[in-house]
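Before any comments, here is the structure.
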Amino acid sequence: MKKVSFIIFSVISVMAIVSCSQSDRNPVLTIEGGKIKGVETTTPGIVAYKGIPFAAPPVGELRWKEPQPVIPWQGVKLADKYGAAAMQITWDPNSFYGREWRASGSAPFSEDCLYLNVWTSAAGKPDKKLPVTMWIHGGGYREGFGFEPEMDGGEDFASRGVVHVSITYRLGVIGFFSHPLLSAESPNGVSGNYGVMDQAAALKWIKNNIAQFGGDPDNITIFGQSAGGGSVQTLLASPKSKNMIAKAISMSAGGLSDRPSALIDTIQIANKAMMDYFGKTTLKEMRALPFDSLTKMTTDYTAAVGKRLNFGPITDNYFLTGSFSDVARAGQIPNIPYVFGSTANDMLDMTNPIRDFCLLREQQGGKPAYAYLFTRQLPGDESGAFHSSDLWYVFNSLRHSWRPFTAGDKELAVKMVDFWTNFAKYGNPNGQVDAVWTPCTSASPKFMVFDANDANAILTMTDSPVFLGPSSRK
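Its first residue numbered 326, the sequence shown is counted upward by one per residue in our numbering.
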């Protein structure tokens with residue numbers, strides 16, 4: 326009998342230890358809105374928290390308003406599923422990018438889309454103070470979501486001692502619609518920058534809550550690609566967000582330019598003309614329009630009058646006082662480390678604008694600015710190093726692609742994740758080892774060139790990066 330009792334006691338003890346261990350790894354956290362519990366991932370020691378609301382659902386009367394505080398919930402929310410992606414036009418699965426990735430993953434679309442996702446190795450350990458990365462997806466401010474398959478790198482980042490966050494924000498006519506009636510309604514007298522205000526709200530949420538996940542609220546690196554890279558630049562220029570950023574990476578969004586910014590007066594007058602054309606003259610009528618009707622109206626209006634409407638960040642003298650380039654030239658962006666780069670077959674040649682930005686930072690006595698060009702001609706066809714092709718490498722997500730990647734591609738992906746996470750930790754992509762990737766300066770205006778062959782990654786520093794022209798993809 327004593328032996329049986331001892332065995333039962335031992336089993337109970339082991340179960341208690343296992344339960345305690347699991348609880349330690351994946352504790353219940355208290356954040357804005359209530360309590361949450363994550364899910365353990367396939368990477369040992371990494372917990373994911375998916376679908377965390379960082380603002381109230383921007384629906385009904387909150388459509389076309391600044392993001393509002395999170396609505397509290399009762400009990401413990403199990404953060405095991407991504408939130409909805411922002412409303413957008415579904416990608417054609419037979420289009421180039423549809424074949425490449427977006428058709429390979431599915432997501433519900435909804436105006437209730439203000440959610441973020443966290444991957445960490447230090448849940449419930451605020452004293453850890455791990456560096457934090459906030460990812461902003463691209464898609465021309467019209468489409469995309471932060472958990473597309475090619476952006477599936479949260480576990481890789483977290484396994485390197487970084488708390489990784491991806492966010493979703495309002496897009497297109499829902500995220501960037503400006504109108505005189507909306508401006509008159511707003512306590513700030515402006516309208517239109519809702520999508521980037523969402524990003525700033527997510528950044529503020531991270532600042533206020535990330536310590537619960539083991540992150541350092543004073544060491545947040547924002548990074549994004551294409552429109553996400555442009556969003557990074559917008560957040561750096563905005564007086565509402567720039568002071569929360571410790572480091573920044575802008576991918577395939579250019580650098581310094583002389584392109585004038587879109588002005589609120591011009592944009593809201595154009596949008597009013599469109600709504601007037603369809604007889605929609607009150608906010609109640611406009612807010613009642615389904616997303617599909619709104620997008621059809623913008624398309625039909627352009628076809629009828631020949632005027633294309635702009636749905637992207639605008640200078641409103643509240644959230645944005647000028648273009649990124651103007652604010653940067655005025656020395657009013659944060660004095661932090663930067664990484665700017667693009668691909669060799671990008672939409673256009675960005676090498677000179679990127680170099681100009683890095684040299685401006687040097688002239689202004691700023692912290693280091695690093696430049697890169699991704700030149701790997703992707704295996705499988707003749708599309709080259711096309712716009713967005715570097716995402717599979719930055720997130721080490723080659724497994725989600727149909728392409729016949731080689732040992733060299735896999736090595737390059739690991740090295741790029743190392744560079745990006747080292748930058749988040751130290752403000753230096755090399756980490757604490759001898760410099761391989763040096764800052765772009767007047768004395769050494771060099772770019773890191775990322776390439777690979779069948780067997781190896783190829784890393785080269787050069788002051789004459791070669792843009793190969795836009796991809797011939799179809």
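The C-beta atom is built at its ideal place from N, Cα and C for all residues, glycine as well.
Fair warning: this is a prediction, and the values are worked out from it, not measured in the lab.
- Boundaries around residue 548 are those of the beta strand (DSSP E), 540-550, since no alpha helix (DSSP H) includes it.
- Cβ atoms of residue 444 and residue 483 come within 8 Å of each other, at about 4 Å.
- The beta carbon of residue 648 sits closer than 6 Å to those of 586, all from its chain and outside the five residues before and after it, given in chain order.
- In this chain, residue 643 is not harboured by any beta strand (DSSP E), its DSSP state being neither H nor E.
- Secondary-structure assignment with DSSP links residue 490 through a beta bridge to 443 and 459.
- CA-CA distance, residue 658 to residue 562, rounds to 6 Å.
- Residue 513 has its alpha-carbon roughly 20 Å from the corresponding atom of residue 494.
- Counting only unbroken stretches of 4 or more residues, the alpha helix (DSSP H) elements lying wholly within the region 673-728 are 676-688 and 716-719, in sequence order.
- A residue is called buried when at least 16 other Cβ atoms come within 10 angstroms of its Cβ; residue 593 meets this threshold and is buried.
- Between residue 666 and residue 576, the CB-CB gap stays under 7 Å.
- In terms of CA proximity to residue 707, 793 leads the group 793, 626 and 638.
- Two segments are said to touch when three or more pairs of C-beta atoms, one from each, lie closer than 8 Å; by this definition the region 772-789 touches the region 693-708.
- Using a C-beta cut-off of 8 Å, the region 555-569 makes contact with the region 514-533, since at least three inter-stretch Cβ pairs fall below that distance.
- Between residue 538 and residue 488, the CB-CB gap stays under 7 Å.
- In the assembly as shown, residue 653 is a buried residue. Its beta-carbon has 16 or more other beta-carbons within 10 Å.
- Around the beta-carbon of residue 605, 16 or more other beta-carbon atoms lie within 10 Å, marking it buried.
- For residue 406 and residue 629, the gap between their C-alpha atoms comes out near 42 Å.
- Annotation for residue 360: the continuous beta strand (DSSP E) segment containing it runs 359-362.
- Of the other Cβ atoms in all chains shown, fewer than 16 fall within 10 Å of the Cβ of residue 396; this residue is therefore exposed.
- Pairing residue 446 with residue 371 gives a Cβ-Cβ distance under 7 Å.
- In this structure, residue 573 places its C-beta atom within 7 Å of the C-beta atom of residue 557.
- Annotation: the region 552-594 contains the following complete segments of the beta strand (DSSP E) (minimum length 3 residues), in chain order: 572-576.
- Annotation: the continuous alpha helix (DSSP H) that includes residue 499 extends over 497-500.
- Of the other Cβ atoms in all chains shown, 16 or more fall within 10 Å of the Cβ of residue 670; this residue is therefore buried.
- For residue 374, the pairing in a beta bridge is given by DSSP as 443.
- Within its own chain, the residues whose Cβ lies closer than 6 Å to the Cβ of residue 353, once the five positions on either side in sequence are excluded, are 360, 362 and 401, listed in chain order.
- Per DSSP, the beta-bridge partners of residue 667 are 698.
- Residue 491 sits buried, since 16 or more C-beta atoms from the chains shown fall within 10 Å of its C-beta.
- For residue 776, the secondary structure class from DSSP, reduced to helix, strand or coil, is strand.
- Out of 756, 528 and 436, the CA that lies nearest to the CA of residue 411 is found in 436.
- In the three-state reduction of the DSSP assignment, residue 450 falls in the coil class.
- The continuous stretches of alpha helix (DSSP H) do not include residue 356, which lies in the beta strand (DSSP E) extending over residues 354-356.
- Contact between residue 738 and residue 716 does not hold, since the beta-carbon distance rounds to 10 Å and is not under 8 Å.
- The Cβ neighbour count for residue 554, taken over all protein chains shown within 10 Å, is at least 16; the residue is labelled buried.
- For residue 746, the secondary structure class from DSSP, reduced to helix, strand or coil, is helix.
- For residue 506, no pairing in a beta bridge is given by DSSP.
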